[in-house]
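K.L.:
Mind looking over this structure? Questions follow.
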Amino acid sequence: MTSKKKNIIFYDGFCVFCNKTIMWVIKNDKVNQFRFSHVESVFSKSRSFIVTTNAISVLTEKGEYLQSSRAVLYLLKKINKHNFLLVIIERFPDKILNFVYNLIARNRYLIFGKYDKCHLPDKNLKSKFLQ
1 MTSKKKNIIF YDGFCVFCNK TIMWVIKNDK VNQFRFSHVE SVFSKSRSFI VTTNAISVLT
61 EKGEYLQSSR AVLYLLKKIN KHNFLLVIIE RFPDKILNFV YNLIARNRYL IFGKYDKCHL
121 PDKNLKSKFL Q
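Numbering of the sequence shown is given in my numbering, commencing with residue 1 and proceeding in unit increments.
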């Protein structure tokens, strides 16, 4: 990691949907502001806060820890893409956003599938992943 602080996304490395989401973030991260760590990694397990497979989490460049729908909103804001979607989503209360998020999260393996082992990044992307 460079001396400039990065946003770190913690994700379920076995989840197909989660991995596709990470690849979407990498593709759209034009200013190289994100790093990634699957929740089973040594890096994730060494954090003082609880990292869970049940929700995407972000440790922001300012040290704030976000989970679930708040983490997704943060990612959309930082990537600055799909602003129309962000404007709509932000109008909903956290209770509704978290309900929808949790519904998808609970059923993600059933809907999108699950890898047999933790999906690892391509060699050319390895520097973006914290082990």
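Idealized CB from N, CA, C, for every residue including glycine.
Could you name the residues of the same chain whose beta carbon sits closer than 7 Å to that of VAL160, not counting the 5 residues immediately before and after it, in chain order?
P.N.:
An answer regarding residue 160 cannot be provided, because it is not within the stretch 1 to 131 covered by the chain.
K.L.:
Any idea what DSSP makes of SER3, helix, strand or coil?
P.N.:
Stepping through the sequence shown from its first residue, residue 3 is reached at position 3. Model confidence at SER3 stands at a pLDDT of 38, short of 50, so the residue's coordinates are unreliable; what they give is reported in the following sentence. Coil.
K.L.:
Below 8 Å on the Cβ atoms is my contact criterion, and I expect LYS141 with ARG35 to pass it. Report the Cβ-Cβ distance as a whole number of Å.
P.N.:
Any property of residue 141 remains undetermined from this structure, which presents the chain solely from 1 to 131.
K.L.:
Return the CA-CA distance between ARG70 and ASP94, expressed in angstroms with no decimal places.
P.N.:
In the sequence shown, residue 70 corresponds to position 70, counting from 1. In the sequence shown, residue 94 corresponds to position 94, counting from 1. Rounded to the nearest angstrom, the two C-alpha atoms are 8 Å apart.
K.L.:
Nearest CA to the CA of LYS77: which residue from SER41, VAL25, PHE17 and LYS4?
P.N.:
Along the sequence shown, one-based indexing puts residue 77 at 77. The candidate whose alpha carbon is nearest that of LYS77 is VAL25.
K.L.:
When you compare only the Cα positions, how much space is there between VAL16 and ASN54?
P.N.:
Residue 16 sits at position 16 when you count from the first residue of the sequence shown. Residue 54 sits at position 54 when you count from the first residue of the sequence shown. In a straight line, the C-alpha of VAL16 is about 14 Å away from that of ASN54.
K.L.:
Thinking C-beta only, is LEU73 closer than 8 Å to GLU61?
P.N.:
Translated into the one-based positions of the sequence shown, residue 61 becomes position 61. Translated into the one-based positions of the sequence shown, residue 73 becomes position 73. Taking 8 Å as the Cβ cut-off, GLU61 and LEU73 do not qualify as a contacting pair.
K.L.:
Could you name the residues of the same chain whose beta carbon sits closer than 7 Å to that of LYS6, not counting the 5 residues immediately before and after it, in chain order?
P.N.:
Indexing the sequence shown from 1 puts residue 6 at position 6. Counting only Cβ-Cβ distances below 7 Å, and skipping sequence neighbours, we find GLN33, PHE34, ARG35 and GLU61.
K.L.:
Measuring only the C-alpha atoms, how far is ASP116 from PHE14?
P.N.:
As a first step, residue 116 is located in the sequence shown; it is residue number 116 there, counting from the start. As a first step, residue 14 is located in the sequence shown; it is residue number 14 there, counting from the start. Taking the straight line from one Cα to the other gives about 7 Å.
K.L.:
Let me check understanding here. Comparing Cα to Cα, which of LYS81, ARG108 and TYR109 lies closest to ASN28?
P.N.:
Counted from its first residue, the sequence shown places residue 28 at position 28. Measuring from the Cα of ASN28, the nearest candidate turns out to be LYS81.
K.L.:
Whole-angstrom Cβ separation of SER37 and LEU130, contact assumed at under 8 Å?
P.N.:
If you number the sequence shown from 1, residue 37 lands on position 37. If you number the sequence shown from 1, residue 130 lands on position 130. Rounded, the Cβ-Cβ distance is 4 Å, consistent with contact.
K.L.:
Ignore the nearest five residues each way along the sequence and tell me which others in ARG108's own chain have a CB closer than 6 Å to its CB.
P.N.:
The count along the sequence shown starts at 1 and reaches residue 108 at position 108. Once the five neighbours on either side are set aside, the close Cβ partners of ARG108 are CYS15 and PHE17.
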